[in-house]
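> Before we start, here is the structure in question, set down as structure tokens.
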Amino acid sequence: MALLPAAYRREPEDMVAAENILLAIDGKAPKHEYRHAWPESLIKLTLGLDRSVTHLSDGKSDILWRSKETDDALMAAQCWRSLGQVPFEDDYMHEQKVENEV
Numbered sequence: 856m857a858l859l860p861a862a863y864r865r866e867p868e869d870m871v872a873a874e875n876i877l878l879a880i881d882g883k884a885p886k887h888e889y890r891h892a893w894p895e896s897l898i899k900l901t902l903g904l905d906r907s908v909t910h911l912s913d914g915k916s917d918i919l920w921r922s923k924e925t926d927d928a929l930m931a932a933q934c935w936r937s938l939g940q941v942p943f944e945d946d947y948m949h950e951q952k953v954e955n956e957v
């Protein structure tokens, strides 16, 4: 499972809400109840350029862990790939990486 920083997919919950709204417009009672699975409650938040926290919850228990970030682009390329796009490659970032390694 790819971890997206500070973002995650909400389509299943959106569909349930949309169907219930359409039922309400027609004067009918809601038929659907959304129950999330634990992967949907996983979120990673970057804190500046070099730190992050990841939070996981099942609604009863929570886990929070800290980590150090090594990707100056803060996983932007991974986000673009998850959207089916080719990430932008910047020569500047490659030059910075070489300078930092020296």
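Heads up, the sequence shown is in the working numbering, so the first residue is 856 and it goes up one at a time. Cβ atoms here follow ideal geometry from the backbone N, Cα and C, with glycine treated the same way.
1) Is it true that the CB of Leu878 sits closer than 9 Å to the CB of Pro867?
2) So what does Leu902 bridge to, in DSSP terms?
3) In angstroms, rounded to a whole number, what distance separates the CA positions of Ala873 and Lys899?
4) With distance defined between alpha-carbon atoms, name the residue in Glu956, Ser937 and Leu929 nearest to Arg906.
5) Can you name the start and end residues of the beta strand (DSSP E) that Arg921 belongs to?
6) Would DSSP call Leu938 helix, strand or coil?
Reading from the atomic positions:
1) no
2) Arg906
3) 27 Å
4) Leu929
5) Asp917 to Lys923
6) coil
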